[in-house]
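Student: Below: one structure in structure tokens.
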Amino acid sequence: MSAENPERRAFLGKASALAAGLAIAPGVLLFGFAHGRPAGEAASGKVRWGMLVDTNQCGNGCNDCVTACNKENGLSGGTKATDSQWIRKVELKNMKGGRNLSLPVMCQHCEHPPCVDVCPTGASFRRADGIVLVDKHRCIGCRYCMMACPYKARSFVHEPLADQKPDVPRGKGTVESCTLCVHRVDRGEQPACVEACAKAGRGAILFGDLNDPESEISKRIRTVASAQIRADLMLNPGIRYEGI
Amino acid sequence: MYSKVEARNFYILVAASGLITGIGLVAAWLMEEHGHIITGMNNQIVWGIPHVFAIFMIVAASGVLNVASIGSVFGKSVYKARAPLSSLLSIALLAGGLTVLMLDLGRADRLMVAMTNYNLTSVFAWNVVLYSGLFSFAAIYLWTMMDPRMKPWNKPAAFAVFAWRIILTTGTGLIFAFLVARQAYGSALLPPMFIVMSFAWGLAVFHIVQSSLYAWNGKTLDPVILQRMKNLLGLFVIATLYFVATYHLTNLYFARQDGFERFILAGGGIFPWLFWAGYVLLGSFLPLVLIFHPAFDKTRHTVIASLLVIFGSFALLYVFIIGGQAYPLSIFPGYEVTSSFGDGQIASYSPSLPEFLLGLGGLGVAFLITTICVRVLGMAPPHDIPDRRKRDTF
């Protein structure tokens with residue numbers, strides 16, 4: 560018994576190292592998602608999430624962002640008037656020059672969102688980091704926010720739902736809209752539409768922090784001409800468009 | 002002394018109004034169970050027929066108090082004798098309208114959430130306070146009329162109700178006036194327009210109820226009183242026409258509203274028909290002929306005129322609420338727009354039976370409350386004895 564077994568010792572040493580590695584790996588991974596927000600920490604007002612859509616890169620007929628959104632958020636993908644559409648591709652033709660454009664429209668995550676102003680119960684709210692959301696437990700389904708939204712960005716759940724995504728709570732009789740994939744953003748990831756657009760090789764949607772002068776989106780907004788939809792309403796949306 | 006509704010009629014009316022209310026509740030239950038998929042409403046037309054019914058009742062609930070206000074605030078005795086019925090009708094119509102509005106919610110079961118969470122920037126939340134306030138003020142006002150000990154408070158209560166209902170209808174108009182992004186709404190003209198509409202619609206309801214009560218109790222309304230009250234209705238119908246015309250004419254003047262006005266007034270399918278034939282012709286001009294032409298001086302002519310005014314109000318509200326949503330939002334001015342979400346397209350809407358029955362159920366609630374209270378509390382209008390000397394004091 561006193562004789563030591565070098566092989567056993569080596570095995571124990573490797574096993575311990577592996578166990579230690581497994582134990583700290585999630586922490587290391589979490590560290591890797593440096594933009595992620597630890598659970599329980601409030602969203603920061605120092606950040607303002609936004610997007611810049613380059614309509615020159617957005618393909619007519621390409622629907623990858625819409626498909627990715629539907630998949631990520633558990634939407635049916637149906638296009639009946641009663642189906643939820645959090646993001647839609649809009650085809651534009653200039654009435655004077657005839658120029659054609661294609662671009663995605665979703666919740667514009669306004670700084671002064673009319674939906675939040677009109678919501679009687681405060682179910683519609685704007686997070687400190689600029690993401691406009693609906694508290695599904697507080698929404699009474701009056702649809703006043705849908706009347707107030709200048710972008711027609713909101714949908715009402717007309718039917719009972721099944722097979723919901725755990726990260727994306729939805730509910731029959733409540734109103735919903737693009738969450739800017741808040742569950743992904745909080746993990747330090749990009750919204751699903753942005754990822755899908757990049758994967759399609761277009762990279763037409765740039766996501767980032769509008770408040771950070773060093774972020775890619777801020778730099779780009781400083782160098783190219785971009786616009787907000789219905790800028791005349793002075794709502795200061797977080798979604799900007801290039802080429803319109 | 003107030004006379005009572007004859008017993009047999011009373012039970013028939015309670016049964017009829019109870020049945021309509023019951024059908025409305027079943028419709029609401031179906032909507033709750035299956036979701037709004039069983040209605041004609043969708044993501045483009047988010048407010049439908051239930052809102053037409055609800056807004057009619059809420060606006061009329063305010064206007065029907067005119068009779069009480071003219072009596073108590075402006076001291077006209079003929080109207081004052083009718084103030085209890087006027088207040089009761091206001092409570093009944095408001096209850097009916099709110100029932101519809103509440104049962105149409107996607108989550109009607111969350112009424113407690115609506116009552117306990119107020120977003121102070123929301124005109125809807127203000128309206129929750131205004132509606133509850135009108136119930137309270139109208140009830141207190143009724144109390145001051147029915148309890149002799151409360152008589153000293155009658156005048157202050159009347160003033161409070163008068164002020165409150167004007168604010169309430171302003172609030173109803175503001176629901177639309179604050180919607181800046183939609184071409185049909187977002188106009189400061191809407192609150193005063195709603196106030197004037199409330200005068201006409203409320204008085205039309207009052208005429209119908211008053212005439213029915215007289216008929217069922219075998220009484221006749223003094224022709225002079227009838228003349229006064231129907232002329233007042235005529236005046237309100239003209240005032241409403243003036244506001245509606247001003248609203249459309251100002252819109253026509255703004256180039257960006259051209260398309261919307263052409264849609265509502267000329268090319269928009271059912272909407273121009275409902276506007277011109279429903280509201281203008283049948284709902285306004287014809288009642289005016291029945292009211293002011295000397296050949297039509299009977300009670301039944303006033304009742305027909307009142308029914309037509311109510312029909313016109315539904316036509317106008319349908320055009321205003323549904324037509325206002327059917328016309329596409331101008332998100333990209335200067336572009337032709339298409340998408341899978343109805344951008345650039347006229348939205349279509351076909352009301353379904355359940356939502357229509359829900360609206361009707363609201364009228365049933367108002368009808369039921371009125372029938373029971375008129376009998377139990379003795380609120381039928383008085384049997385005026387024609388007296389020439391009194392006529393000049395009206």
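Those protein sequence lines, which keep their order, are chains A and P.
Offset between the first sequence (1-based) and the working numbering: plus 559.
Offset between the second sequence (1-based) and the working numbering: plus 1.
We put the CB at the ideal spot given by N, CA and C, even for glycine.
Computed from a prediction, not measured in an experiment: that's the story for all the values here.
Taking only beta-carbon atoms, is leucine 106 of chain P less than 9 Å away from chain A?
Tutor: Taking Cβ atoms only, chain A reaches closer than 9 Å to leucine 106 of chain P, which makes this a yes.
Student: What is the DSSP secondary structure of proline 663 of chain A, counted as helix, strand or coil?
Tutor: Reduced to three states, the DSSP call for proline 663 of chain A is strand.
Student: Flag isoleucine 168 of chain P as yes if its beta-carbon sits less than 9 Å from any beta-carbon of chain A, otherwise no.
Tutor: False, the Cβ-Cβ gap to chain A never drops below 9 Å.
Student: Can a CB atom of chain A be found closer than 9 Å to the CB of valine 60 of chain P?
Tutor: Judged by the 9 Å Cβ criterion, valine 60 of chain P is not in contact with chain A.
Student: At what residues does the alpha helix (DSSP H) containing tyrosine 248 of chain P begin and finish?
Tutor: It spans 224–254 - the alpha helix (DSSP H) in which tyrosine 248 of chain P sits, taken as one unbroken run.
Student: DSSP puts cysteine 669 of chain A in a beta bridge; with which residues?
Tutor: A:Pro796.
Student: CB-CB under 6 Å to leucine 589 of chain A, same chain, minus the five flanking residues each way: which ones, in chain order?
Tutor: Bear in mind that a pLDDT of 43 at leucine 589 of chain A, under 50, signals an unreliable position, so the number given afterwards is only what the model happens to contain. Cβ within range, chain order: n/a, list empty.
Student: Identify the contact partners of threonine 122 of chain P in chain A, using a Cβ-Cβ distance below 7 Å as the criterion.
Tutor: Chain A residues near threonine 122 of chain P: Asp676.
Student: Please report the straight-line C-alpha distance between isoleucine 305 of chain P and valine 206 of chain P, rounded to a whole angstrom.
Tutor: Each residue's alpha carbon lies about 11 Å from the other.
Student: Within this structure, are the beta carbons of cysteine 666 of chain A and leucine 794 of chain A separated by less than 9 Å?
Tutor: Not a contact, by the Cβ cut-off of 9 Å.
Student: If the cut is a Cβ gap below 7 Å, which residues of chain P does threonine 649 of chain A touch?
Tutor: Rather than threonine, the amino acid found at residue 649 of chain A in this sequence is valine. Going along chain P in sequence order, the residues near valine 649 of chain A (Cβ under 7 Å) are Val338, Ser340 and Asp344.
Student: With a threshold of 7 Å on Cβ separation, who are the neighbours of methionine 2 of chain P within its own chain once the five nearest residues in sequence on each side are excluded?
Tutor: Reliability fails at methionine 2 of chain P, whose pLDDT of 37 lies under 50, so the model's placement of it is uncertain and no value is given.
Student: Using a 10 Å radius around the Cβ and a threshold of 16 neighbouring Cβ atoms, would you call serine 18 of chain P buried or exposed?
Tutor: Buried, because 16 or more other Cβ atoms sit within 10 Å of the Cβ of serine 18 of chain P.
Student: Just to confirm, is the Cβ distance from glycine 762 of chain A to aspartate 613 of chain A under 9 Å?
Tutor: The answer is yes: Cβ separation under 9 Å.
Student: Output, in chain order, the set of chain A residues within a Cβ distance shorter than 9 Å of phenylalanine 179 of chain P.
Tutor: Within 9 Å Cβ-Cβ: Pro673, Asp676, Val677 and Ala707.
Student: Runs of 3 residues minimum, wholly inside the segment 709–772 of chain A: which ones carry the beta strand (DSSP E) assignment?
Tutor: Entirely contained in the segment 709–772 of chain A, the beta strand (DSSP E) runs reaching 3 residues are, in chain order, 764–768.
Student: Could you list which residues in chain P have their beta carbon closer than 9 Å to that of asparagine 653 of chain A, in chain order?
Tutor: The contacting residues are Gly335, Tyr336 and Glu337.
Student: So, with DSSP's three-state summary, where would you put tyrosine 328 of chain P?
Tutor: In the structure shown, tyrosine 328 of chain P sits in coil (DSSP, three-state: anything other than H, G, I, E or B).
Student: Looking at chain A, is there any beta carbon in it that lies within less than 9 Å of the beta carbon of glutamate 33 of chain P?
Tutor: So, interface residue.
Student: What in chain A is Cβ-close to asparagine 118 of chain P, meaning under 7 Å?
Tutor: Correct list: Thr680, Gly681 and Arg697.
Student: For cysteine 701 of chain A, would you say it is in contact with chain P, using Cβ-to-Cβ distances shorter than 9 Å as the test?
Tutor: At least one chain P Cβ lies under 9 Å of cysteine 701 of chain A.
Student: Under 9 Å, do leucine 191 of chain P and asparagine 67 of chain P count as touching if we go by C-beta distance?
Tutor: Not in contact: leucine 191 of chain P and asparagine 67 of chain P (Cβ atoms no closer than 9 Å).
Student: Contact criterion: CB-CB distance below 9 Å. Does aspartate 642 of chain A meet it with respect to chain P?
Tutor: Judged by the 9 Å Cβ criterion, aspartate 642 of chain A is in contact with chain P.
Student: Which first and last residues belong to the alpha helix (DSSP H) in which asparagine 632 of chain A is found?
Tutor: Run containing asparagine 632 of chain A: 623–632, per the alpha helix (DSSP H) assignment.
Student: State yes or no: is the beta carbon of valine 664 of chain A nearer than 9 Å to at least one beta carbon in chain P?
Tutor: Closer than 9 Å: yes.
Student: Taking the beta carbon of isoleucine 71 of chain P as the centre, do at least 16 other beta carbons fall within 10 Å, making it buried, or is it exposed?
Tutor: Buried is the call here.
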